[in-house]
Amino acid sequence: MDTWTFGWTLALIGMAGTMLVLWILSLLILLLKKLFPYRPEAPAAERK
Amino acid sequence: MESALVSGLQGLFLGVMNLGWGHVLMILVASGLLYLGIHKGYEPLLLVPIGFGAILVNIPLADMMGKEGFLRFFYDNGVLTEVFPLLIFIGIGAMTDFQPLLENPKIILLGAAGQFGIFLTLLLALAVGFDKLDAVAVAIIGACDGPTAIYVSSKFAPHMLGAVSVAAYSYMSLVPLIQPPIMRALTTEKERKIVMGVVKQPVSKTTKILFPIVVTIFASLLAPKGAPLIGTVMLGNLMKESGVVERLKSASENEIANIVTLLLGLCIGGTMEAGQFLRGQTLLVLALGFIAIGLDTAVGVLFGKAMCFLTGGKINPLIGAAGISAFPMSARVVQVEGQKYNKKSYLLMHAMSANAGGQIGSVIAAAVMLSALQGMGIIGG
Chain A
8 MDTWTFGWTL
18 ALIGMAGTML
28 VLWILSLLIL
38 LLKKLFPYRP
48 EAPAAERK
Chain B
7 MESALVSGLQ
17 GLFLGVMNLG
27 WGHVLMILVA
37 SGLLYLGIHK
47 GYEPLLLVPI
57 GFGAILVNIP
67 LADMMGKEGF
77 LRFFYDNGVL
87 TEVFPLLIFI
97 GIGAMTDFQP
107 LLENPKIILL
117 GAAGQFGIFL
127 TLLLALAVGF
137 DKLDAVAVAI
147 IGACDGPTAI
157 YVSSKFAPHM
167 LGAVSVAAYS
177 YMSLVPLIQP
187 PIMRALTTEK
197 ERKIVMGVVK
207 QPVSKTTKIL
217 FPIVVTIFAS
227 LLAPKGAPLI
237 GTVMLGNLMK
247 ESGVVERLKS
257 ASENEIANIV
267 TLLLGLCIGG
277 TMEAGQFLRG
287 QTLLVLALGF
297 IAIGLDTAVG
307 VLFGKAMCFL
317 TGGKINPLIG
327 AAGISAFPMS
337 ARVVQVEGQK
347 YNKKSYLLMH
357 AMSANAGGQI
367 GSVIAAAVML
377 SALQGMGIIG
387 G
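Chains as they are written, first to last, in the working numbering: chain A, 8 to 55; chain B, 7 to 387.
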C-alpha cells in the first residue's frame, strides 16, 4: 500500500470510527439512564 | 607503581575525556526540563524524572541504557512490554469522574472532534517524509494524553519515544497558552458570549457502575487492539464507582501510579541519549506535536460551532476546545475564556463534560487507529 493510500485510509477510518464509537457510546449512556433512572434516596424518617 | 598511578588517575578523567558536545547539549536540554518542572511547575511529576533520566543517560561510560544498565531493565520490562502506561491508565480511571459526561452524553461528540488533530497530523507527518509507523507515533501526540502517546510510540516507534513523550507532556502543560488564540480566532464575540443552560440530570449509582463495564465490552469489541487501553481506564473507574475495593482504588491512584510515573519518567529520559535525540527528526516531532494539539483545538471549536448552529445557538462553541484529553486543564481554559466575554457565563460543567469525553475519545481514537492498522495489515495480530 502506498503512503498516501495508507494515510488517507487511516485518517478517514480513524475520524469516522472515533466519531461513530463515541456516538454509539452516548446512545448507550442514554439507554443506561433510561433503564436505571436516578431515584433520590428517601429521608431516613420516611423509610422507617 | 608510577604507571599504575597514572592509569588510575586517567580512569578518573575518562568520563570527562569522552564528553562530547552532544552530551553537553542534552544535559542542557535535560536541565531545561528540570527547570520547567521545578520552577514553572509544568507537569513536574513527569518532567523531573524525565529530565534527571536524560542527564543520567548522557553521562559518558555510565552505560545507564546499556545491556545491563539500571534504566535498561525498567525500559525493557516496563515500557517495551507496555506495562507502565497501562498501570498508569488504571490510576487515571480511578481518578476520573465521568459524572458530567453521564449527565450530558451528547457532549461526548466533542471528545471525538477533539481527536481529529491526530489524523490530520498523520497526513502532515507522512507529507514531511516520516514512514508509516513513525507517522502514527508522531500523530498520537494529538491525543493530548501522555500514557496513550507512550503506549503507541513504544509499540511502533520506540526510537522516537523520548521525543514523542516530551512533546506530549510539554504541550499538555502549555494548553493554557496554545488554546486561547485558536479559540478566539475561530469564534465570533457573539458566540463566545453564549450562556449555556444548566444541565441537571442526576445519574443513578447503577448507571455509574455499569458505564465502565459497557464501554469496555462495546468499545473493545469494535476495536479489539485497543482493549488494553480501554480496559485499564475502565477497570480503574469501576473500582472507583463500585466503592467496594477502596484499597485497590487507593493503591492504583496513589502508590502504583506514583511508582510507575517515577520509573516511566526515568525510562523516557533514558531514551534521550544525545546520539538518538539530537536529530532533525526530533525537531520535526516537536513541531508536528504542536500542530496536532492546535488542530485538535481548532476542529473541536469548529464542531462546537456546528452544534451551536444545529441547536439554535444553545451551545457555546468554546466548549469544543475542551474535547481534548488534557483533563481538567482545558475545561478551565474554556471557563476562563468564556468569563472574559460574559461574566454571567459559567461554562465549566459543560466543558468538563467535553473534557471527560476527550479522555475517552483519546483512548478510543488510539484503539480505532490500532485496529485499523491491524485490519490494513500494517501491524500483526
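Note that the Cβ used here is the ideal one computed from N, Cα and C, for glycine as well.
None of the values given here were measured: they were computed from a predicted structure.
Measure from the alpha carbon of Met-178/B to the alpha carbon of each residue in Val-63/B, Ile-385/B, Gly-295/B, then state which is nearest. Gly-295/B
At what residue ranges does the stretch 22-75 of chain B contain a whole run of the beta strand (DSSP E), taking only runs of 3 or more? Runs found: none.
Contacting residues, own chain, Cβ-Cβ under 7 Å from Gln-341/B (five flanking each side not counted): Sequence-distant Cβ neighbours of Gln-341/B in its own chain, meaning closer than 7 Å and more than five residues away, are Leu-353, Leu-354, Ala-357.
Using a Cβ-Cβ distance cut-off of 9 Å, determine whether Lys-331/B contacts chain A. The sequence given here has Ser at residue 331/B, not Lys. No, no contact with chain A.
Does chain A have any CB closer than 9 Å to the CB of Val-374/B? So, interface residue.
Is it buried or exposed, Val-305/B, if we count other Cβ atoms within 10 angstroms and call 16 or more buried? buried
What did DSSP end up calling Gln-207/B once you bin it into helix, strand or coil? Judged by DSSP in its simplified three-state form, Gln-207/B adopts coil rather than helix or strand.
Contacting positions in the stretch 195-217 of chain B - beta carbon closer than 7 Å to chain A: So the close ones are Pro-208, Val-209, Ser-210, Thr-212, Thr-213, Leu-216, Phe-217.
Applying a beta-carbon distance threshold of less than 9 Å, which residues of chain A neighbour Met-382/B? Those within 9 Å of Met-382/B in chain A are Met-8, Phe-13, Thr-16, Leu-17, Ile-20.
Specify, as a first and last residue, the run of the alpha helix (DSSP H) that Phe-283/B falls within. 280-283
Could you compute how far the alpha carbon of Ala-293/B sits from the alpha carbon of Glu-8/B? 55 Å
Apply the 10 Å Cβ neighbour rule to Gly-84/B and answer buried if 16 or more other Cβ atoms are within range, or exposed otherwise. buried
Would you mind working out which of Gln-185/B, Thr-277/B, Ala-10/B sits nearest Glu-343/B, comparing C-alpha positions? Gln-185/B
Do Asp-151/B and Ala-174/B count as a contact pair if the criterion is CB distance below 9 Å? yes
Measuring only between beta-carbons, confirm whether Ala-105/B sits less than 9 Å from chain A. The amino acid occupying residue 105/B in the given sequence is Gln; Ala does not appear at that position. No, its Cβ sits nowhere closer than 9 Å to a Cβ of chain A.
Kindly say whether Leu-241/B, judged by its beta-carbon, lies nearer than 9 Å to any beta-carbon of chain A. no
Residues of chain A with CB closer than 7 Å to the CB of Ile-146/B, please, in chain order. The premise fails here: Ile-146/B is roughly 11 Å from chain A at the closest Cβ pair, so nothing lies under 7 Å.
At a Cβ threshold of 9 Å, is Ala-233/B touching chain A? no
Between the C-alpha atoms of Ala-360/B and Ile-321/B, what's the straight-line distance to the nearest angstrom? Between Ala-360/B and Ile-321/B, the C-alpha separation is close to 12 Å.
Compare the C-alpha of Ala-141/B against each of Leu-167/B, Cys-273/B, Gly-120/B, Pro-153/B and name the closest. Leu-167/B
Can you check which of these residues, Leu-39/B, Leu-11/B, Lys-46/B, Ile-366/B, is closest to Met-240/B by C-alpha distance? Per the Cα distances, Ile-366/B.
Under the assumption that Met-26/A contacts Leu-115/B (Cβ atoms under 8 Å), give the Cβ distance between them as a whole number of angstroms. 7 Å
Secondary structure at Phe-43/A, three-state DSSP: helix, strand or coil? coil
Look at the alpha carbon of Gly-24/A and the alpha carbon of Pro-153/B, and state the distance between them as a whole number of angstroms. Taking the straight line joining both Cα atoms gives about 21 Å.
Can a CB atom of chain A be found closer than 9 Å to the CB of Ser-13/B? no
Between the alpha carbons of Arg-338/B and Val-220/B, how many angstroms are there, rounded? Computed Cα separation, rounded: 29 Å.
Go through its chain and collect everything with a Cβ distance to Ile-188/B's Cβ below 8 Å, but skip five positions before and after it. Closer than 8 Å at Cβ, skipping near neighbours: Gly-300, Thr-303, Ala-304, Val-307, Ala-327.
List, in order along the chain, the chain A residues whose C-beta lies closer than 9 Å to that of Ala-378/B? Residues of chain A passing the Cβ test: Thr-16, Leu-17, Ile-20, Gly-21, Gly-24.
Counting only the same chain and skipping the five closest in sequence on each side, list residues whose C-beta sits under 6 Å from that of Gly-75/B. Asp-69
Please tell me whether Leu-108/B and Ile-36/A are closer than 9 Å, where the distance is taken between their beta carbons. Result yes, Cβ atoms of Leu-108/B and Ile-36/A sit closer than 9 Å.
Smallest Cα separation from Ile-96/B: which of Val-291/B, Asn-110/B, Ala-233/B, Gly-319/B? Ala-233/B
With Asn-322/B as the anchor, note down where its alpha helix (DSSP H) starts and where it stops. Looking at the DSSP string, Asn-322/B is not in any alpha helix (DSSP H), and its letter there is neither H nor E.
Would you identify the three-state DSSP class for Ala-10/B, choosing helix, strand or coil? helix
Could you run through the stretch 79-111 of chain B and flag, in chain order, every residue whose CB is less than 8 Å away from some CB of chain A? Leu-107, Leu-108, Pro-111
Simplified DSSP state of Met-382/B, which is helix, strand or coil: coil
To the nearest angstrom, how far is the alpha carbon of Glu-195/B from that of Tyr-347/B? 7 Å
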